[in-house]
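Each residue of the sequence shown is one higher than the last, beginning at -3 in my numbering. The structure under discussion appears below in the form of structure tokens.
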Amino acid sequence: MRGAIKNLINVIKNSAKNKNPLEIIAGFAILALVAYFMMWGASVARTSVVGYDVVARFGSVAGISRGSDVKINGVKVGSVSELKLDSEVFTVDVVMSIGKRYRIPKDSVARITSTGFIGAPFISIEIGTSPERATSAMRLASVPNKSLEEAIGNVIYR
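Structure follows, in structure tokens:
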């Protein structure tokens, strides 16, 4: 093992003799930057939440995709783990992974919303009053969402 490390150090020293120190520093900076972006990408790509899944059915899920946030009162409690198109009636079942510490009432309602005009859409869960809690694979009620275009059209043409 020591021999291999010594050989590696000698290779680095020999190659460093032929290089400009600025090139070596730039190389290490690039490697550090690549490592940083790989770690950042891995942390952002995590879409699964340890907990349980609930499902809500929507007629349209414009802007919602795998990994979209699921929030209660503006606080992220989970994420969208899957979108399934029902080929019979062409509605979309949105499977949401909810953190196990958030035991939402059974009669809660899911709604697609966004923060402002340019905010990314997310699923908002409006908490119900039932003492019974949602369990894995339970279907929540959902409220049909209106796109921004539909809302503007209703204002203009009324």
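In this text, a Cβ means the ideal position worked out from N, Cα and C, and glycines have one as well. Please read all numbers here as calculations on a predicted model, not as lab measurements.
Terminal residues of the continuous beta strand (DSSP E) containing residue i?
i: Gly155; result: Residue 155 is absent from the structure shown; the chain starts at -3 and stops at 154.
i: Arg184; result: Only positions -3 to 154 of the chain appear in the structure, and residue 184 is not among them; the question remains open.
i: Ile119; result: Phe118 to Glu122
i: Ala137; result: Met134 to Val139
Of the choices the options, whose alpha-carbon is the least far from that of residue i?
i: Ser61; options: Val76, Lys72 and Ile68; result: Val76
i: Leu160; options: Lys96, Ile20 and Val50; result: It is not possible to answer for residue 160, since the shown part of the chain is limited to -3 through 154.
i: Val139; options: Met92, Asn16, Pro127 and Ser120; result: Ser120
i: Ser83; options: Ile108, Gly55 and Phe113; result: Gly55
i: Gly115; options: Val30, Pro17, Thr125 and Gly70; result: Gly70
i: Val91; options: Ser110, Arg97, Val85 and Asp65; result: Asp65
i: Ala133; options: Thr109, Ile21 and Arg53; result: Arg53
i: Ile148; options: Pro127, Phe113, Arg129 and Phe118; result: Phe113
i: Ala130; options: Asn16, Val151, Arg97 and Pro17; result: Arg97
Less than 8 Å between the CB atoms is what I'm expecting for residue i and residue j, so what's the real figure, rounded?
i: Gly23; j: Gly47; result: Contact doesn't hold; Cβ gap of about 43 Å is too wide.
i: Leu81; j: Ala106; result: Rounded, the Cβ-Cβ distance is 17 Å, inconsistent with contact.
i: Pro117; j: Gly59; result: 4 Å
i: Asn141; j: Ile108; result: 4 Å
Quickly, what does DSSP pair residue i with across the bridge? List them, please.
i: Ile68; result: Val71
i: Phe24; result: The partner list for Phe24 (beta bridge, DSSP) is empty, contrary to what the question assumes.
i: Tyr48; result: Ile94
i: Lys80; result: Asp89
i: Phe113; result: Per DSSP, none; premise fails for Phe113.
Ordered along the chain, which non-local residues of its own chain (more than five positions away) have a Cβ less than 7 Å from that of residue i?
i: Thr43; result: Because Thr43 carries a pLDDT of 49, less than 50, the predicted location of this residue cannot be relied on, and no value is offered for it.
i: Ile123; result: Ile68, Ile100, Pro101 and Ser104
i: Tyr32; result: none
i: Thr125; result: Pro101 and Asp103
With a threshold of 8 Å on Cβ separation, who are the neighbours of residue i within its own chain once the five nearest residues in sequence on each side are excluded?
i: Val88; result: Arg53, Phe54, Gly55, Ser56, Val57, Leu79, Lys80, Leu81 and Asp82
i: Lys72; result: Asp65 and Val66
i: Ser110; result: Gly59, Ala116, Pro117 and Phe118
I'd like the list of long-range same chain contacts for residue i, defined as Cβ closer than 6 Å, with 5 residues on each side in sequence excluded.
i: Trp36; result: none
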